[in-house]
């Protein structure tokens, strides 16, 4: 089984988080990476064709499924695998074109409520016997 490490940096003030994820235990058919401009001066619209040209011609990234605009200064790049997404995030040549790539936290984390649990079961019991297809990080 391949294991990939996803690097995410969803804002400049947050620390970089590392997640070790077993590629076979999740459905990562759509590995999304957000690409946006880093310079604040003269920010014009970041066009998906410009990003596609940079990724394909300069960086030689070929495993791209789709590129689409999701804002004035942000483009979503959908890649074929988790490792391709990680390679794009860690690519140092993006800085030359004043771009940064990251995987937003909301695409990696699943938060939910557990309903209809009998009150006789405490949190320690649930932690011990609960299972999920996704890793349970915290209660």
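Residue numbers (the numbering used here): 16 to 154. Positions of the beta carbon are idealized from the N, C-alpha and C atoms, including for glycine.
Excluding the 5 residues preceding and the 5 following residue i in the sequence, name in chain order all residues of the same chain whose CB lies nearer than 7 angstroms to its CB.
i: residue 125; result: 149
i: residue 112; result: 69
i: residue 121; result: none
i: residue 142; result: 154
i: residue 104; result: 22, 48, 116, 117 and 118
Taking DSSP as the reference, what is the three-state secondary structure of residue i?
i: residue 123; result: coil
i: residue 50; result: strand
i: residue 92; result: strand
Which one of the options has the shortest CA to CA distance from residue i?
i: residue 89; options: 104, 63, 100 and 103; result: 63
i: residue 11; options: 73, 74 and 94; result: Residue 11 is absent from the structure shown; the chain starts at 16 and stops at 154.
i: residue 65; options: 102, 104, 100 and 114; result: 114
i: residue 97; options: 108, 80, 143 and 127; result: 80
i: residue 74; options: 51, 107 and 121; result: 107
What is the rounded straight-line gap between the Cα of residue i and the Cα of residue j?
i: residue 160; j: residue 123; result: Absent from the model: residue 160. The displayed extent of the chain is 16 to 154, so no value can be given.
i: residue 154; j: residue 134; result: 16 angstroms
i: residue 137; j: residue 152; result: 17 angstroms
i: residue 41; j: residue 71; result: Low confidence applies to residue 41: its pLDDT is 49, below 50, so where it sits in the model is not reliable enough to give any reading.
Only counting the same chain, and skipping five residues up and downstream in sequence, which positions put a Cβ closer than 8 angstroms to that of residue i?
i: residue 49; result: 85, 89, 90, 91, 92, 116, 117, 118 and 119
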